[in-house]
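To start, the structure under review is shown below, and the notes come after it.
Protein chains: 2
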Amino acid sequence: MLTFSEENYLKTIFHLEQIHSNGVSTNALSKEMETKASSVTDMIKKLSEKKLINYKKYKGFKLSQFGMETAIAIIRKHRLWEVFLVEKLNFSWDEVHEVAEQLEHIKSEKLTNKLDAFLAYPKIDPHGDPIPNKDGNFPKISKMLFSECQVGDEGTFIGVKDSSSIFLQFLDKNNIYLNAKVKIIQKEAFDLSLKIEINNNTIMVSHKTASNLYLQS
Amino acid sequence: MLTFSEENYLKTIFHLEQIHSNGVSTNALSKEMETKASSVTDMIKKLSEKKLINYKKYKGFKLSQFGMETAIAIIRKHRLWEVFLVEKLNFSWDEVHEVAEQLEHIKSEKLTNKLDAFLAYPKIDPHGDPIPNKDGNFPKISKMLFSECQVGDEGTFIGVKDSSSIFLQFLDKNNIYLNAKVKIIQKEAFDLSLKIEINNNTIMVSHKTASNLYLQS
DNA sequence: AATAAAATTTAGTCTAATCTAAAAATATGT
DNA sequence: ACATATTTTTAGATTAGACTAAATTTTATT
Ligand SMILES: [Mn+2]
Ligand SMILES: [Mn+2]
Ligand SMILES: [Mn+2]
Ligand SMILES: [Mn+2]
Chain A
79 MLTFSEENYL KTIFHLEQIH SNGVSTNALS KEMETKASSV TDMIKKLSEK KLINYKKYKG
139 FKLSQFGMET AIAIIRKHRL WEVFLVEKLN FSWDEVHEVA EQLEHIKSEK LTNKLDAFLA
199 YPKIDPHGDP IPNKDGNFPK ISKMLFSECQ VGDEGTFIGV KDSSSIFLQF LDKNNIYLNA
259 KVKIIQKEAF DLSLKIEINN NTIMVSHKTA SNLYLQS
Chain B
79 MLTFSEENYL KTIFHLEQIH SNGVSTNALS KEMETKASSV TDMIKKLSEK KLINYKKYKG
139 FKLSQFGMET AIAIIRKHRL WEVFLVEKLN FSWDEVHEVA EQLEHIKSEK LTNKLDAFLA
199 YPKIDPHGDP IPNKDGNFPK ISKMLFSECQ VGDEGTFIGV KDSSSIFLQF LDKNNIYLNA
259 KVKIIQKEAF DLSLKIEINN NTIMVSHKTA SNLYLQS
């Protein structure tokens, strides 16, 4: 049985592997977990002991098949609970992440699968992230950050990179909603800000904002 | 912020105070928590430090007002989650306690209150126990163990004392359901077993069983 | 009231998860 | 290539929650 801490490390390693596909470093993980590198080394040894990761001293680490499955199971729970909170309990999308951080650690496969059924097997969470099914499979959604788009690109706003409350509330305030139709109108060379057309409104978004919004074309 | 362990102690102290209304002893708590007395002493000191209980060395302890409110809030969550699992996710009444033991520790008042609303403010949990409202109030249900009844007593089976899976499954198997109409037909002096009429069936129940079933007359 | 028994507390150990400071290994720049 | 910087690991400390064994306090019995 894994501890909450072990589960949180696994989840974070999983996310880091999406970016650093050739293995994760101690420092990268310590930064993401907001702990000291020495604490990471300790935990890494435990996870390695438990066959959840493959680790060679000084050489970084990667999730094992078992570690991968475990991480995905936690992410599945996190996202299903987020859907529950929004769809059934009327939470707003900026309030759910924190609570889901707790709920993701509840240990009952039966609960997870019954919750999945109760929610009618949702495919994406309130922030546009895909929800793994019972077997751990989920589609890789092809998407692109607004900041990486070219002028003239168009498509649908399908997800956020940053799920923090402050960012999501900022989007609400500016009427930037999931599934809105978007077109990149103009890009300022000076500050990389974008002029976009979203739901027939033309607005400016900063580079920082644009690099946290995903477009699907 | 309380740890899971502190919360579990508080809850257990609360339950013990229902029986030992003049204060709880270290040994009684250690027995109930399935820990050693010395571990209880350690925890008691922490809870006392945090003003959750009133404690005098060697003299036992009692929940403070604050400790009482905290304990009731945890019990509220436990029972609400049990209702959710049975009513919404189709768990059976013998499967929910274990999962609720985990869910009761989720920290979000908003979640608790929204869950309460979603469930339409239930008054009792799947085992017949009352659910405290947002302010911590709940009715003291007048009830009596079958084993304490006299021949001729009648009423409704409204709750169980033991919520263990094994006991609840045993009740299911013998068609003993919550809210059944019950009449005590006969009591054997030899082994204190009872002959009862329940839903127009006449069955025998052992003293052990009878001392885990509550009747409301 | 003295002694024996039971209950409770204290002292010291262990594990998990964190930290700081120091040492060791690896990577980088000229 | 070698000195320096960076990264990673090790060593030692701390806190929470458990344990065992021993000491202390309270309760019960003669
Ligand atoms: Mn989230
Ligand atoms: Mn988490
Ligand atoms: Mn229960
Ligand atoms: Mn619990």
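Chains A and B, in that order, give the protein sequences. Residues 79 to 295 in our numbering are what the first sequence lists, from first letter to last. Residues 79 to 295 in our numbering are what the second sequence lists, from first letter to last. Every residue, glycine too, gets a C-beta built ideally from N, C-alpha and C.
Cβ of residue i within 8 Å of any chain A Cβ
i                      : result
residue 134 of chain B : no
residue 184 of chain B : yes
residue 192 of chain B : yes
residue 96 of chain B  : no
residue 168 of chain B : yes
residue 196 of chain B : yes
Residue burial classification, residue i (beta-carbon count within 10 angstroms, cutoff 16)
i                      : result
residue 136 of chain A : exposed
residue 237 of chain A : buried
residue 265 of chain B : buried
residue 225 of chain B : buried
residue 207 of chain A : buried
residue 169 of chain B : buried
residue 235 of chain B : buried
residue 99 of chain B  : exposed
residue 155 of chain A : buried
residue 229 of chain A : exposed
residue 270 of chain A : exposed
residue 149 of chain A : buried
residue 144 of chain A : exposed
residue 79 of chain B  : exposed
residue 87 of chain A  : buried
residue 210 of chain B : buried
residue 91 of chain B  : buried
residue 279 of chain A : exposed
residue 277 of chain B : exposed
residue 242 of chain B : exposed
residue 268 of chain A : exposed
residue 97 of chain B  : exposed
residue 82 of chain B  : exposed
Residues of its chain near residue i, where Cβ-Cβ distance is below 6 Å and the 5 sequence neighbours each way are ignored
i                      : result
residue 232 of chain B : 261
residue 193 of chain A : 158
residue 246 of chain A : 171 and 172
residue 216 of chain A : 208 and 210
residue 298 of chain A : Residue numbering for chain A in the displayed model covers 79 to 295; residue 298 of chain A lies beyond these limits and cannot be assessed.
Residues near residue i by beta carbon distance below 8 Å, same chain, minus five either side
i                      : result
residue 142 of chain A : 129, 130, 131 and 132
residue 248 of chain A : 287
residue 179 of chain A : 156
residue 181 of chain A : 155, 156 and 159
residue 123 of chain A : 133
8 Å Cβ cutoff, residue i in contact with chain B
i                      : result
residue 177 of chain A : yes
residue 180 of chain A : yes
residue 158 of chain A : no
residue 246 of chain A : no
residue 189 of chain A : yes
Contacting residues, own chain, Cβ-Cβ under 7 Å from residue i (five flanking each side not counted)
i                      : result
residue 204 of chain B : 160, 161, 164, 171 and 174
residue 105 of chain B : 115
residue 85 of chain A  : 152 and 183
residue 227 of chain B : 262 and 293
residue 281 of chain B : 252 and 274
residue 201 of chain A : 208 and 209
residue 191 of chain A : 212
residue 290 of chain A : 238, 239, 240 and 245
- In chain order, which beta strand (DSSP E) runs of at least 3 residues are fully inside the region 138-193 of chain A? Listed in chain order, the complete beta strand (DSSP E) runs (minimum 3 residues) inside the region 138-193 of chain A are 139-141.
- Item | Uninterrupted alpha helix (DSSP H) stretches inside the region 207-292 of chain B (no shorter than 4 residues) | For the alpha helix (DSSP H) assignment, the uninterrupted runs of no fewer than 4 residues enclosed by the region 207-292 of chain B are, from N- to C-terminal side, 243-251 and 285-288.
- Message: Tell me which residues pass a beta-carbon proximity test against ligand 2: closer than 5 Å to any heavy atom, given in chain order.
- Response: Around ligand 2, the residues whose beta-carbon falls short of 5 Å from at least one of its heavy atoms are A:86 and A:179, given in chain order.
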